[in-house]
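K.L.:
Number of protein chains: 2
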Amino acid sequence: MRIGIDLGGTNIAAGLVDEQMNILCKMSLPTQSERPYQAIVEDMVTLVKGLVNMGNISLSDVRQVGIGCPGTPKKETGDILFSNNLHWHNVPLLAALAEKLPSGIHWKLDNDANCAALGEVLAGAARGSRYAIMITLGTGVGGGIVLDGQIYDGVNHAGAEIGHMVIVSGGELCTCGRKGCLESYASATALIRMACEAAREHPESMLASQETLNGLVIFQAAEAGDSAAKAVIQQYLFYVAEGITNVVNIFQPEVIVIGGGICAQGEKILQPIRAQVAQAVFCKQVSVPKMVTATLGNDAGIIGAAFL
Amino acid sequence: MRIGIDLGGTNIAAGLVDEQMNILCKMSLPTQSERPYQAIVEDMVTLVKGLVNMGNISLSDVRQVGIGCPGTPKKETGDILFSNNLHWHNVPLLAALAEKLPSGIHWKLDNDANCAALGEVLAGAARGSRYAIMITLGTGVGGGIVLDGQIYDGVNHAGAEIGHMVIVSGGELCTCGRKGCLESYASATALIRMACEAAREHPESMLASQETLNGLVIFQAAEAGDSAAKAVIQQYLFYVAEGITNVVNIFQPEVIVIGGGICAQGEKILQPIRAQVAQAVFCKQVSVPKMVTATLGNDAGIIGAAFL
Chain A
102 MRIGIDLGGT NIAAGLVDEQ MNILCKMSLP TQSERPYQAI VEDMVTLVKG LVNMGNISLS
162 DVRQVGIGCP GTPKKETGDI LFSNNLHWHN VPLLAALAEK LPSGIHWKLD NDANCAALGE
222 VLAGAARGSR YAIMITLGTG VGGGIVLDGQ IYDGVNHAGA EIGHMVIVSG GELCTCGRKG
282 CLESYASATA LIRMACEAAR EHPESMLASQ ETLNGLVIFQ AAEAGDSAAK AVIQQYLFYV
342 AEGITNVVNI FQPEVIVIGG GICAQGEKIL QPIRAQVAQA VFCKQVSVPK MVTATLGNDA
402 GIIGAAFL
Chain B
102 MRIGIDLGGT NIAAGLVDEQ MNILCKMSLP TQSERPYQAI VEDMVTLVKG LVNMGNISLS
162 DVRQVGIGCP GTPKKETGDI LFSNNLHWHN VPLLAALAEK LPSGIHWKLD NDANCAALGE
222 VLAGAARGSR YAIMITLGTG VGGGIVLDGQ IYDGVNHAGA EIGHMVIVSG GELCTCGRKG
282 CLESYASATA LIRMACEAAR EHPESMLASQ ETLNGLVIFQ AAEAGDSAAK AVIQQYLFYV
342 AEGITNVVNI FQPEVIVIGG GICAQGEKIL QPIRAQVAQA VFCKQVSVPK MVTATLGNDA
402 GIIGAAFL
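So the sequence lines, in the order shown, correspond to chains A and B.
Residues in the first sequence are numbered from 102 upward in steps of one, following this note's numbering.
Residues in the second sequence are numbered from 102 upward in steps of one, following this note's numbering.
#1: Ordered along the chain, which non-local residues of its own chain (more than five positions away) have a Cβ less than 6 Å from that of B:Thr410?
#2: Mind listing the chain B neighbours of A:Leu274? Cutoff is C-beta to C-beta under 8 Å, in chain order.
#3: Please classify B:Arg136 as buried or exposed, where buried requires at least 16 other C-beta atoms within 10 Å of its C-beta.
#4: With a cut-off of 9 Å, does the C-beta of A:Leu182 fall near any C-beta of chain B?
#5: To be precise: take each residue of the stretch 245-272 of chain B, compare its Cβ to all Cβ atoms of chain A, and keep it if any distance is under 9 Å. Which residues remain?
#6: List the residues of chain B that A:Pro354 touches, going by C-beta distances under 7 Å, in chain order.
#7: For a contact defined as C-beta to C-beta under 9 Å, what are the partners of B:Val387 on chain A?
#8: Would you say A:Cys170 reaches chain B, if we count a Cβ-Cβ gap shorter than 9 Å as a contact?
#9: Would you call A:Gly264 buried or exposed, if buried means 16 or more other Cβ atoms sit within 10 Å of its Cβ?
#10: Contact criterion: CB-CB distance below 9 Å. Does A:Glu343 meet it with respect to chain B?
#11: Could you tell me the boundaries of the beta strand (DSSP E) in which A:Pro373 lies?
#12: Report the rounded CA-to-CA distance for B:Pro203 versus B:Leu160, giving the unit in angstroms.
#13: Evaluate the contact criterion for the stretch 139-149 of chain B versus the stretch 244-252 of chain B: three or more CB pairs, one atom per stretch, below 8 Å.
#14: Spell out the partners DSSP gives A:Phe183 in its beta bridges.
#15: Thinking C-beta only, is B:Met122 closer than 9 Å to B:Met155?
#16: Using C-beta distances below 7 Å, list every residue in its chain close to A:Ala323, excluding the 5 sequence neighbours before and after it, in chain order.
#17: Could you tell me which chain B residues have their CB closer than 7 Å to the CB of A:Cys277, listed as they occur along the chain?
#18: Tell me the DSSP bridge mates of B:Leu219?
#19: Does DSSP classify A:Leu202 as helix, strand or coil?
#20: For the stretch 232-246 of chain B, which residues have a CB atom closer than 9 Å to at least one CB atom of chain A, in sequence order?
#21: Tell whether a beta-carbon distance below 9 Å holds between B:Cys170 and B:Leu210.
#22: For chain A, find out if any of its Cβ atoms is closer than 9 Å to the Cβ of B:Tyr286; answer yes or no.
#23: Nearest by alpha-carbon distance to A:Gln377: which of A:Gln336, A:Asp107 and A:Phe183 is it?
#24: What does A:Ile370 touch in chain B if you count any residue whose Cβ is under 9 Å from its own?
#25: Contact check, B:Leu238 vs B:Ala289 under 8 Å by CB: the rounded distance?
#26: Taking one C-beta from the stretch 105-115 of chain B and one from the stretch 213-224 of chain B each time, how about it: are there three or more such pairs within less than 8 Å?
#27: Answer with yes or no whether the minimum CB distance from A:Pro193 to chain B is below 9 Å.
#28: So does A:Ile345 have its beta carbon nearer than 8 Å to some heavy atom of the ligand HEM?
#29: At the level of alpha carbons, what is the spacing between A:Asp180 and B:Leu223?
#30: Do B:Gly243 and B:Gly316 have their CB atoms nearer than 9 Å?
#31: Quick check on A:Ile158: does DSSP put it in helix, strand or coil?
#32: Return the residue from the list A:Gly151, A:Ser134, A:Gln165 and A:Ala114 that minimises the CA-CA distance to A:Ala407.
#33: Taking the C-alpha atoms as reference points, what is the distance between B:Val349 and A:Ala300?
#34: What's the C-alpha gap between A:Arg375 and A:Ser230?
#35: Does any residue of chain B bring its CB to less than 9 Å from the CB of A:Pro390?
#36: Since A:Tyr340 meets chain B, which of its residues come closer than 9 Å, beta carbon to beta carbon?
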């Protein structure tokens, strides 16, 4: 038995996972990230104990407790160096957890996007592959790199920031301070920005009559035939495919996994992305990776963390 | 003893390399890439035999003959799938070589940019590191990725094409067919294009009075105080650093090695690049890789090939 914890900005989700990578039971608590980290650690302890009770096992039956955390972990010490989402800076996460639970637990720590990528490779959309890149299109654009079955995140564990690859030099300001990052063009946030601009330019569009614009509404308007929405989606997917083509030219993986809320659109986004990438990649004559949407949703982070 | 062969568009350079990675002797022949590949293979055989004679050893003393070749190799078979520079398509390079030389030779094949990166890691500017990315600013922009001491080039050996990462979406047309690749902004060719544009706009500039513009002349004009040339260099190095920042955000390696003719400028290019990258990278609080220029020049490819 293993436990995976996906520590998100909104929820702390934890699952008891068997060696066949099935989640046997799940529990979650709200993160309330404004609290001191000690309170969050307390909740994580509650979740671990709760899962053990629910699974009717003892803590000594748990082979590993893995944690996926937003930000940059220092794996050697179990500290979180920085986490913008949690407003953490040098938090001794594993040490604080270890203090509250019996010794002998095998702790592991990694970035949440990395855990999700590993989960999809082990048990989800990229199952069976050893070289996969996951790109998560959410509030930001997350990246997870799995090479030879292992998470790759650089010598300081701060790598795999595929969202912070500039694709439009001098373009939109990114949260990281650069201008024109993939995140500023391929995140759900960017899609909504593009739709807002289109709504202003096309007051006759369905986009202009919406009270709030979100990814789903924009895709629905496009499907209903709204030409402004269709143009926005087309432009948006162009940028997504531009980023994916860059990633393919660098990594030539077996699989590209697209995650995040927008991946619910499935083939509707995959078909234009596949067409553009296949046409644009360098050495397209050799081979082009599979492009798929994530299948595990939030479970990917739990499974990946459990098998770090 | 090992032999490394750097098969370039202009010359076939070969060296006899000892186990301490010293090149004991070198020989080269013009590539004349318009010839059928069999003629080039013949010259490679001549070079191998010549080196063995010069080194006063026998072929059985040679532990490995490695070849760095532009294009995409199929390492399993020793074929070159594609090479634009050599106009090759499905050339059975190692089979053709093996036919002409006694059996028992241990052949290895890889892309030339990868060999150069490995050479710099083993014996050059990135010596002692295990995670390094080399970016070669030449006619094009080449990439070489060394992770955990090994060349990484993707499942089809066509990866590491860092030059074909779009940084200016919709920008200058690249040789690969995309618009706005790093190669179109950071190659020596791009620098010359920018200087030609500046010469037209600033007929009073030293750039406008040159008969032919090349990288050296442009840097010399900037150093002599020519403001148009200074602006061109500044713009050019901005794009180089933009690409390097992307690479750092993705790989977080120990070292970035800049190769190609322009790396002769040394600290003059490194200082502005280091300043921009240090300011722009994601998680700059954690660490920023060393940025250095290549030290082995053309020998990098020979040494890397010998130690593939």
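Virtual Cβ for every residue (Gly too), placed ideally from N, Cα, C.
On a predicted model such as this, the values are computed, not experimentally measured, just so you know.
P.N.:
In terms of the structure at hand:
#1: The shown model of chain B, from 102 to 409, leaves out residue 410 of chain B, and the question about it has no answer.
#2: Per Cβ cutoff of 8 Å: no residues; A:Leu274 is ~13 Å from chain B at best.
#3: Around the CB of B:Arg136, fewer than 16 other CB atoms lie within 10 Å, so the residue is classed as exposed.
#4: By this cut-off, A:Leu182 is an interface position.
#5: Result list: Ile246, Leu248, Tyr253, Asp254, Gly255, Val256, Asn257, His258, Ala259, Gly260, Ala261, Glu262, Ile263, Gly264, His265, Met266, Val267, Ile268, Val269, Ser270, Gly271 and Gly272.
#6: Near A:Pro354 (Cβ distances below 7 Å), the residues of chain B are Gly255 and Val256.
#7: Within 9 Å of the CB of B:Val387, the CB atoms of chain A belong to Thr173, Lys175, Leu182, Phe183, Asn257, His258 and Ala259, in sequence order along the chain.
#8: For A:Cys170, the answer is no, since every Cβ of chain B falls outside 9 Å of its Cβ.
#9: That one is buried.
#10: Cβ-Cβ to chain B under 9 Å: yes for A:Glu343.
#11: First-last for A:Pro373: Glu368 to Ala381, but that is the alpha helix (DSSP H), not the beta strand (DSSP E).
#12: Taking the straight line joining both Cα atoms gives about 8 Å.
#13: A contact between stretches requires three or more CB pairs, one per stretch, nearer than 8 Å, and the stretch 139-149 of chain B fails this requirement with the stretch 244-252 of chain B.
#14: A:Phe183 is bridged by DSSP to A:Thr173 and A:His190.
#15: Inclusion of B:Met155 and B:Met122 in the CB contact set at 9 Å is not warranted, their separation being larger than that value.
#16: The residues are Ala330, Lys331 and Ile334.
#17: For A:Cys277, the chain B residues whose Cβ falls inside 7 Å of its Cβ are Phe383, in order along the chain.
#18: The bridge partners DSSP lists for B:Leu219 come to none.
#19: Coil at A:Leu202, not helix or strand.
#20: Within the stretch 232-246 of chain B, those residues whose Cβ lies closer than 9 Å to any Cβ of chain A are, in chain order, Tyr232, Gly244 and Ile246.
#21: In this structure, B:Cys170 lies near B:Leu210, with their beta-carbon atoms less than 9 Å apart.
#22: Using a CB distance cut-off of 9 Å, B:Tyr286 counts as an interface residue toward chain A.
#23: Per the Cα distances, A:Gln336.
#24: Going along chain B, no residue has its Cβ under 9 Å from A:Ile370, so there is no contact; the nearest lies around 18 Å.
#25: A Cβ-Cβ separation of about 6 Å places B:Leu238 in contact with B:Ala289 under the 8 Å criterion.
#26: Contact holds: three or more Cβ-Cβ distances are below 8 Å.
#27: Taking 9 Å as the threshold, the shortest C-beta distance from A:Pro193 to chain B does not fall below it.
#28: No copy of the ligand HEM occurs in the structure displayed, which carries no ligand at all.
#29: Rounded to whole angstroms, A:Asp180 to B:Leu223 spans 33 Å at the Cα level.
#30: Against a cut-off of 9 Å, the Cβ pair of B:Gly316 and B:Gly243 comes out as no contact.
#31: Residue state, collapsed to three classes: coil.
#32: From the listed residues A:Gly151, A:Ser134, A:Gln165 and A:Ala114, the smallest Cα separation to A:Ala407 is found for A:Gln165.
#33: Taking the straight line from one Cα to the other gives about 37 Å.
#34: Looking at the backbone, the Cα of A:Arg375 and that of A:Ser230 are separated by about 19 Å.
#35: So, interface residue.
#36: Within chain B, the residues near A:Tyr340 are Ser270.
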